[in-house]
Structure formats: C-alpha cells, structure tokens
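Written below as structure tokens is the structure these notes are about.
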Amino acid sequence: MNVMRSSYRPFKLAQQFLNFSADASGKLKEIEQMVKNNKVVVFMKGVPDAPRCGFSNAVVQILRMHDVKYDAHDVLADESLRNGIKEFSSWPTIPQVFIDGEFVGGCDILLQMHQNGELIDQLQKAGISSALLKEAVEGDKKNDK
Numbered sequence: 001m002n003v004m005r006s007s008y009r010p011f012k013l014a015q016q017f018l019n020f021s022a023d024a025s026g027k028l029k030e031i032e033q034m035v036k037n038n039k040v041v042v043f044m045k046g047v048p049d050a051p052r053c054g055f056s057n058a059v060v061q062i063l064r065m066h067d068v069k070y071d072a073h074d075v076l077a078d079e080s081l082r083n084g085i086k087e088f089s090s091w092p093t094i095p096q097v098f099i100d101g102e103f104v105g106g107c108d109i110l111l112q113m114h115q116n117g118e119l120i121d122q123l124q125k126a127g128i129s130s131a132l133l134k135e136a137v138e139g140d141k142k143n144d145k
C-alpha cells in the first residue's frame, strides 16, 4: 500500500502543476486582452473610488488631474490577477499602469512622468488629450489677449 501512495503522490503533484500552469496561462491571456482592449489600464489595490494603498491612490489622483478615463482592476479581489500581472509585466509591485498597450510603470514612474510633462506626451501618442494640457492652452490664450 505504501508503494501505491508514493507512486500516486508524484502523479497528483504533476497534475496539480499542470492545472496551475493552465490557469496561469489563461490569466495571462486575460490580462493581455484587458491591456489591448483599453487605452489606459491600471492594476491597483482597491478601486478608483476607494484605493487601498497610498501608491494606488497617487496613481488615481494623477489620472484624475489629467481627466483620463481608464479601466481599473483590483488585484486584492483576485489573487491570480495579482500574481498574473506581476508575471505579465515582469514588474514586482502594484499599482501598474499601461497606456496604449504599453507598460508604463508604477506610481513612482507615473509621478515622475507627470512632473516632467512626459505623461502628457505619452497620452497624446495614445490619442488622449490631457485636461492639464487643455488648461495650459486656454491659459495661454487668455494671456495673449
């Protein structure tokens, strides 16, 4: 009986590994579709109306300043999404921001891009007009009068 148990266990472990691999592969394909189907995607802790970490909140605030519409996904609600996005982007931390299918980075990178104006450029390349750019242009027009 011990022989049967010992030979059965590796098979069961191998089967569990194959099931895990299939699930992970499916999650990566799902993430790929999320990123492809939306101009801006944020994988965050919590939701935009109730972020559950300061870094996710900072990303939400930056995108609000630019008045950018985006698709948000709460990684705390789905452990496979939390692990899958880290594997998909090869980036270990959350939040993660994608613009026009391209991984931009996390909170620190988005903040830096916001501060130096690169975020406006990145959004324009994706066909998105930043509210901050609109405000600056309108302000210039008022000053010219």
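Following full-length UniProt numbering, the numbering of the sequence shown begins with 1 at its first residue and continues without gaps.
We treat Cβ as the ideally placed atom computed from N, Cα and C, and that holds for glycine.
None of these values were measured; they are calculated from a predicted model.
query                                                                                                                                                             : result
Do you know offhand how far residue 150's Cα is from H114's?                                                                                                      : It is not possible to answer for residue 150, since the shown part of the chain is limited to 1 through 145.
Specify, as a first and last residue, the run of the alpha helix (DSSP H) that A58 falls within.                                                                  : G54 to M65
Quick check on S25: buried or exposed, where buried means 16 or more other Cβ atoms within 10 Å of its Cβ?                                                        : exposed
Using 8 angstroms as the limit for Cβ to Cβ distance, is C53 near chain B?                                                                                        : Looking at the structure shown, chain B is missing, and only one protein chain is on hand.
Could you please give the first and the last residue of the uninterrupted beta strand (DSSP E) stretch that includes I99?                                         : Q96 to I99
Please classify D71: does DSSP put it in a helix, a strand, or coil?                                                                                              : strand
Tell me which residues share the same chain as P51 and place their Cβ nearer than 6 angstroms to its Cβ, disregarding the 5 neighbours each side in the sequence. : N57 and V60
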